[in-house]
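Here the working numbering is used: the first residue of the sequence shown is 6, the next is one more, and so on.
Backbone N, C-alpha and C fix where the C-beta goes; we use that ideal spot for every residue, glycine too.
Presented below is the structure to which this report refers.
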Amino acid sequence: MLQKKKVLIGISGGIAAYKAAFLIRLFRKAGAEVKVVGTRNAFEFITRVTLESLSENKVYDEVFGPQNDYTTEHISLTDWGDVFVVAPATANIIGKIANGIADDALSTSLLAFNKKVFVAPAMNCKMYDHFATQKNLQTLREHNLDIIEPAMGYLACGYEGKGRMEEPEVIFEKVRAYFSRNDSLAGKTVMVTAGPTHEAIDPVRYIGNHSSGRMGYAIAEELARRGAKVHLVSGPVNIELKEDSVNLIKVTSAGQMLEACLKIFPEVDAAIMAAAVADFTPGNQHASKMKKSDNPSGITLELVPAPDILGRMGEMKKKNQVLVGFALETDNEEENARMKLKKKNLDFIVLNSLREEGAGFGTPTNKISLINNNGEIIRFNLKSKEAVASDVTDNLTAFLEKID
Ligand code: CTP
């Protein structure tokens, strides 16, 4: 089931460390390869021999230890792993991840790891509820780490409350679901628009907006990671695309974006229109630079409507296609979004409000609601744009499954 998957298991010093043995067994039985990274305290709770026997690999617990083949083992180890599962995660290791502290093998490896991380907290309920732990966990969520919430129950310290590490079966299932999601969009083709458009006034000046393009790029990358063939039609942005398989089509103006979308849309299963397209464009573009000396008393710009790309796609949409729009609103958010959903013939709309702190332009985070064409609304917390992309992709996948 998880054949050839490479799982790093991070163990920190808590009584729940004994459960890591069961977790390793589950991954090994499912065909995954496992390597363990532990903190010094972890070995107060579970022996190295147990972990090495179960994982069938050497345990890594020192950054510069004599057992290392070379001193950058934390880098080769993190290159090796597909996912990192920290179970149990103490308040201490959670604090280190949130604050970029790297002072032992586990925290150093986590800092060098840029793929999916799952964190299964385990601690006394008062430590779990402490504002510092909660703040650190929120930081992790905002950076797209997956927190496997601890359960309520009897704790080793004698207290009853929230803080007991989730059972190995539940942790295993979350990781398994993450891997199986990875090809859930295989065979599907999706178009994504992203970024601002620049509407030329003359050869050196344009009208633009503050869109960074991050949201659309995160969606395109997430779709590609789940196996979809992705065409990303992008306005001018400053982002490096992380997924090589995405077909990037660079455009500048709303007119060019429309032209590209008209070509691609008939061939796709779905389109997610995340671009901040100009609503107005200069009526007549000057062929040469406008000079101050020619316009001593100023100029008046005539702006005409730019093409409504999403609206056009809504008119063209066939029954077996899914169309998704974005709405960035400042007032009567929900009502306006519902109107847009209907008017533009969308399947669902992603609503973000400029009034929400951390949502909107230029931020690494976003807070959205999804409104489906059956009227249902799903509200989400403030998250990283990558995590938001994953939520949007989950909803799209549900729509595509209904069509199949
Ligand atoms: N959009 C588009 N083409 C445009 C303007 C917007 O494709 N010329 C798309 C955006 O990519 C987004 C959605 O329409 O998915 C919502 O954009 P928004 O500017 O909020 O909506 P408008 O229909 O332009 O309405 P208004 O400006 O009146 O809010």
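Straight-line Cα distance separating residue j from residue i
i	j	result
residue 265	residue 355	22 Å
residue 22	residue 359	44 Å
residue 250	residue 240	19 Å
residue 122	residue 340	37 Å
residue 192	residue 13	30 Å
residue 7	residue 96	30 Å
residue 75	residue 140	Note that residue 75 has pLDDT 45, beneath the 50 cutoff, so the model's placement of it is unreliable and the number below is only indicative. Cα to Cα, the separation comes out at about 36 Å.
residue 272	residue 234	11 Å
residue 367	residue 275	26 Å
residue 117	residue 211	41 Å
residue 43	residue 128	17 Å
residue 407	residue 377	13 Å
residue 186	residue 209	46 Å
residue 86	residue 18	22 Å
residue 214	residue 393	22 Å
residue 278	residue 369	19 Å
residue 204	residue 386	34 Å
residue 244	residue 216	12 Å
residue 4	residue 218	An answer regarding residue 4 cannot be provided, because it is not within the stretch 6 to 409 covered by the chain.
residue 148	residue 176	20 Å
residue 106	residue 68	14 Å
residue 404	residue 379	12 Å
residue 62	residue 20	23 Å
residue 58	residue 81	22 Å
residue 113	residue 79	7 Å
residue 52	residue 196	51 Å
residue 28	residue 9	17 Å
residue 170	residue 30	17 Å
residue 167	residue 315	46 Å
residue 1	residue 221	Here the chain comprises residues numbered 6 to 409, so residue 1 is not present and cannot be evaluated.
Proximity test, residue i beta-carbon vs the ligand CTP heavy atom, cut-off 6 Å
i	result
residue 344	no
residue 315	yes
residue 278	yes
residue 364	no
residue 401	no
residue 282	yes
residue 330	yes
residue 333	yes
residue 311	yes
Buried/exposed call for residue i, threshold 16 Cβ in 10 Å
i	result
residue 158	exposed
residue 323	exposed
residue 109	buried
residue 45	exposed
residue 398	buried
residue 223	buried
residue 200	buried
residue 206	buried
residue 373	buried
residue 306	exposed
residue 84	exposed
residue 421	Here the chain comprises residues numbered 6 to 409, so residue 421 is not present and cannot be evaluated.
residue 409	exposed
residue 198	buried
residue 352	buried
residue 449	In the structure displayed, the chain extends from 6 to 409; residue 449 sits before or after that span and is not available.
residue 153	buried
residue 293	exposed
residue 300	exposed
residue 395	buried
residue 98	buried
residue 126	buried
residue 362	exposed
Near the ligand HEM: residue i beta-carbon under 6 Å from a heavy atom
i	result
residue 318	Looking at this structure, you won't find the ligand HEM anywhere; what it does contain is the ligand CTP.
Task: 3-residue-minimum beta strand (DSSP E) runs that sit fully inside the segment 348 to 372, ordered along the chain - done: Runs of the beta strand (DSSP E) inside the segment 348 to 372: 353 to 358.
Task: Contiguous beta strand (DSSP E) assignments of at least 3 residues, all confined to the segment 214 to 280 - done: If we require 3 residues or more, the beta strand (DSSP E) runs fully inside the segment 214 to 280 come out as 234 to 239, 252 to 255 and 275 to 278.
Open item on the list: I'd like the ranges of any beta strand (DSSP E) spanning at least 3 consecutive residues and lying wholly in the segment 105 to 182.
Closed with: You should have 121 to 126, 156 to 159 and 165 to 169.
Task: Contained alpha helix (DSSP H) runs [length at least 4] in the segment 293 to 346, N- to C-terminal order - done: For the segment 293 to 346, whole alpha helix (DSSP H) runs of length 4 or above, ordered along the chain, are 314 to 321.
- [ ] Please list the segments of the beta strand (DSSP E) lying wholly inside the segment 29 to 111, counting only runs of 3 or more residues, in order along the chain.
- [x] Counting only runs of 3 or more, we get 38 to 43 and 88 to 94.
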